[in-house]
Each structure stands twice: as C-alpha cells, then as structure tokens.
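208 is the number that numbering that gives the first Met the number 0 gives to position 209 of the sequence shown; each next residue is one higher, with no gaps.
Glycine residues also receive a C-beta, built at the ideal position from the N, C-alpha and C atoms.
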Amino acid sequence: MKKTMIKSSLSLAITLASTQIFASGFALNEQSISGMGTGFAGRTSSVDDASIVYGNPAGMSRLKRAQATVGVAAIDASTDITDTSGRSTGSNKGDMVPFIAVPMGFYVNPVDEHWAFGFGVYAPFGLVTDYEDNFQGRNFGSKSIVKVVTFQPTVSYAFNDKVSIGFGPTINRISGALESALNVSPLLGARTGDGRVQVKGDDVGYGFNAGILVQATDTTSVGLTYHSKVTYKLEGHTEVTPGAGVPAQVLGAGRYDAKLNIDTPETVDFSVTQKMNDAWKLYAGATWTRWSRLEDITVKNSGVTRAGGVAAPSLVGTISEEQNWHDTWAYAVGTSYQLNKQWVLRTGLSFDQSPTNNENRSPRIPTGDRTIFSLGAGYSPTDDITIDVAYSYLQEEKVKVSDANALGQSYNAKYDNSANGFGVGMTYRF
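(1) So, with DSSP's three-state summary, where would you put Tyr-378?
(2) Quick one: Cα of Asp-79 to Cα of Ala-40, how far?
(3) Taking one C-beta from the segment 130-149 and one from the segment 415-429 each time, how about it: are there three or more such pairs within less than 8 Å?
(4) Out of Val-154, Gly-167, His-325, point me to the one whose CA is closest to Tyr-205's CA.
(5) For Glu-358, is the classification buried or exposed, using 16 other Cβ atoms within 10 angstroms of its Cβ as the cut-off for buried?
(6) Taking 8 Å as the threshold (C-beta atoms), are Tyr-330 and Phe-350 in contact?
(7) Less than 8 Å separating the beta-carbons of Thr-169 and Phe-207?
(8) In whole angstroms, give me the CA-to-CA distance for Asp-94 and Met-425.
(9) As an exercise, report each continuous beta strand (DSSP E) stretch of at least 3 residues that is fully enclosed by the segment 206-235, in chain order.
(10) Closest to Asn-182 by C-alpha separation, out of Ala-72, Gly-192, Ala-215, Gly-175, would be which residue?
(11) According to the neighbour-count rule (16 or more other Cβ atoms, all chains shown, within 10 Å of its Cβ), is Ala-306 buried or exposed?
(12) Under the assumption that Gly-54 contacts Ser-31 (Cβ atoms under 8 Å), give the Cβ distance between them as a whole number of angstroms.
(13) Based on the DSSP output, what are the partners of Asn-416 in its beta bridges?
(14) With a threshold of 8 Å on Cβ separation, who are the neighbours of Gly-308 within its own chain once the five nearest residues in sequence on each side are excluded?
(15) Would you mind reading off the limits of the alpha helix (DSSP H) that contains Met-35?
(16) Among Phe-118, Arg-86, Val-213, which one has its Cα closest to the Cα of Arg-190?
(17) Mapping DSSP to helix, strand and coil, what is Asn-138?
(18) If you follow the alpha helix (DSSP H) that Gly-54 is part of, which residue opens it and which one closes it?
(19) Going by DSSP, which residues form a beta bridge with Lys-397?
(20) If you follow the beta strand (DSSP E) that Phe-116 is in, where does it begin and where does it stop?
(21) Please report the straight-line C-alpha distance between Ser-353 and Val-400, rounded to a whole angstrom.
(22) How far does the beta strand (DSSP E) with Trp-287 in it extend, from its first residue to its last?
(23) I'd like to know whether the C-beta atoms of Lys-280 and Gln-214 end up nearer to each other than 8 Å.
(24) Leaving out the 5 sequence neighbours to the left and right, which residues in its chain are closer than 7 Å to Asp-82 when beta-carbon positions are compared?
(25) Starting from the C-beta of Arg-430, find all residues in its chain whose C-beta is less than 8 Å away, skip the five residues before and the five after it, and write them out in chain order.
(26) Please state whether DSSP places Gly-367 in a helix, a strand or coil.
(27) For Gly-119, which residues from the same chain have a beta carbon less than 6 Å from its beta carbon, with the 5 sequence-adjacent residues on both sides left out?
(28) Can you give me the C-alpha to C-alpha distance between Ser-179 and Asp-132, rounded to a whole angstrom?
(29) Just reading off the beta strand (DSSP E) that Gln-270 is part of, what are its end residues?
(30) List the residues that DSSP assigns as beta-bridge partners of Ala-67.
(31) What does DSSP give as the partner residues of Arg-292 in its beta bridges?
(32) Please go through the segment 315-355 and give each complete beta strand (DSSP E) segment of 3 or more residues, from N-terminal end onward.
(33) Tell me Asp-383's beta-bridge partners as DSSP assigns them.
(34) Between the C-alpha atoms of Thr-297 and Asn-260, what's the straight-line distance to the nearest angstrom?
(35) Helix, strand or coil, according to DSSP, for Ala-252 in the structure here?
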C-alpha cells in the first residue's frame, strides 16, 4: 500500500528511473562506444580500448600501449501514452525525456609486462525527465534531474599471459532535483490552482569495481566483473509552495531540511569472447543486478519555517513509499567482423528485464522489459587513432501505470516507450 500524503513529490530516489536509458532501473550502460556496437555482449571479456577500465579492470594489462579513450552517447526517447483516466485532468503528450548526452573518458598506462594503471570518469546512473506543464499525471511527478558522476583510479596485474586481475575504488557524486505539481482541491472541497513541491539533494559515496580476465584457450577469453553497491546519504531541502486559493497553513508551506538514504545496486557482469578466425569474433554476456535493495523510499523532512519564524504544520514529516523492485538479468549476444586493417563492423542484440512491478509503477518509472538492437563500426586511419560510432534502438514492452494518493487524485495510463541511442568516441594511443 502506498503511504504518501503528497504522492511521489517528496521522494528524490523515485526520480532515478526513466525510459531514456539503455539498462534496467536507473543504470546507464553508456561507458563504451565500442562496446555499445555489440550491445555490450563482450564487455568483460573483450579488450578494445581504454574503456575496459569500467568493463573489466583486469583487461588493462592486455593493452600494450598507453592510450586515452573519450566518447559521448546521445539518447533520443519517445513515449506514447494511451488509455488514460483518473481524477485529474490535463494532457498526455509523452514528450518527457529531452535529447541528452552522456560523456565518458578513460586512460590506461601499462607500467611493465605485469602492471598497468588507469582511471576513468563516467556516469553509471542518471536521468532527465520533464513532462509538459499540464500533464495529467503531474501530481505524481512532473520534472526530474539526477546525475551520478564516478571517478575510478584503477590498477591491474597480469600473473602471466593467461590470467589477470584488476581493482579500482570508485568515488561517486550524486545530485538531483525534482518537481511535482501540488493541487489540494479534494482536500479543501473547492477548486484551487496548482502549487509546487521541489526537492533537491546531493552526496558523495564510495565503492569499488573488481574483475578477472582469463584467456581460457588461444581463441577464447572469459571475463567477470563485480561493481559494488554504493551507499548515499543525501542531504538537501524540500520546498512546498501552495497554489492559488490555498492557505499556506493547510500544507505547511515553506522550506524543509530533507534527508534520504539510498543504495545503488551491485552488479555481476560475465561474458565470453570467441575468436572464430582472423575476421570474425562472437560475444555473449549476462549481467545480474541486485535491484531488490530498493524496497521502499523514505524521506525525512524537518526544520520548516515561514516568515517571522513561525513553525508551519507539516504533512510531510516522514514520507515512505513502497517500491518492491526485484533483481534483474540482462542478456546479450554480438559479433564483430574485421573488414580490413582500418575497419571493424559490429552488431548486437540485448534483452533487459525491468525491476519494477505493476502495483508500484508510477509516471516517474513507467518502464518495462526491453529489447535492444545495436550496430557499430570502428575506423583506424593510423595505428595511433581509432574512431568508433554506434547506434542502438530500444523497444520496451507496453506497461500500465495506476497511481492514487490520499487526496483522492488518481492517474491511469498505458505507456509505450522506445529510444534511439547514438554514440561516437575516439581512442588515441601514445
């Protein structure tokens, strides 16, 4: 049962999910443009460039030259909202995700035949959603911005030409802001204008990535990577602004100190790369994500005051909302073809489960299971430079949203989500 008085408007973590991204929940996959071309099927077992810092830190020891890889992935999502109903009025355009870009950068320096050092800067989680002003479900979420930026210094060690390991601590900064409309007409028994609830918060958390890479045969490599959970204790504020015709004391309007604890989940990523001949390689991989950590969201607000220092009554002291997410699996297969010395062509197919469920799904999390088709290419005009490009098309299963709050408002709709992803990157070898 959902327990919020002002439903979804004070829960920062709920904004951490969106249809704009190419991994389940609120994870981002876009840490490698070369990997994007094969649907990330061989992410832990294939060493193409310095982005292996994220894919499998053990793979750094396979790079024989110092190199830097930079890239950006752009995501263009669309949503078709149909079968809408509820005790709210408004539009349902579905243009909730703006065109966004996700940058990344990595560097690897082999020290000797055993040791290699590297670092990476990338975004493992994040989103931007922004519904139109008159969105019918605006009382359950209207605007969300969340960014997680990770810095990862990394070291790897090769025991021999068959087995290597790698480890890197992660320093992660999360920041977020959300807005929701607030209309309390059902509470007052009269029509009122929309108010606003805005939440902002940030924190720095720490974790680690570790991996092992094994050259099982002359043509087969196997990789396993573990990305740890990261615990955040966000601190910020909640600001409640009443709409026209609403007495401030009804809502406890004002500015609150807000606190929220949340863990981003650990993942285990396994893949196999099989070299068929000098031209063809096959890839297969699976990723497990522990989304079951997200059982509920609890935001604690305190310290609200209005002009003159008079304490305001609060409907938002402690807000709790059930999520009940479940663990997910993602599967991918892919292939690459070395056309000639300069060109390599890639393709891949991925299947990704959604952690959400029908009972707790909201307009902030209107996501279902996904199928993703990818194409890519790498062009090396010289031995020192490689330019990678990739394209992905994502299609989700249609899902239903059914939301209600204690004010008697409700919103029901069917969401049909899809997205196009574009990536470009460059590797320079020193």
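Quick answer:
(1) strand
(2) 29 Å
(3) no
(4) Gly-167
(5) exposed
(6) yes
(7) yes
(8) 32 Å
(9) 219-226
(10) Gly-192
(11) Only weak support exists for where Ala-306 lies, its pLDDT of 40 falling under 50; the coordinates are left without a value.
(12) 6 Å
(13) Thr-78
(14) With a pLDDT of 39 at Gly-308, under the threshold of 50, the modelled position of that residue is not reliable, and the figure given next carries that caveat. There are no such residues.
(15) 32-36
(16) Arg-86
(17) helix
(18) 51-54
(19) Answer is none; Lys-397 lacks a bridge partner.
(20) 114-121
(21) 14 Å
(22) 279-288
(23) no
(24) Ala-412, Lys-413
(25) Only positions 0 to 429 of the chain appear in the structure, and residue 430 is not among them; the question remains open.
(26) coil
(27) Val-52, Tyr-53, Phe-105, Gln-151
(28) 10 Å
(29) Looking at the sequence provided, one finds Ser at residue 270 rather than Gln. Looking at the DSSP string, the run of the beta strand (DSSP E) that includes Ser-270 is 266-274.
(30) Tyr-106, Tyr-427
(31) Its beta-bridge partners do not exist; DSSP assigns none.
(32) 317-321, 327-337, 342-351
(33) Asp-383 pairs with nothing; no bridge assigned.
(34) 8 Å
(35) coil
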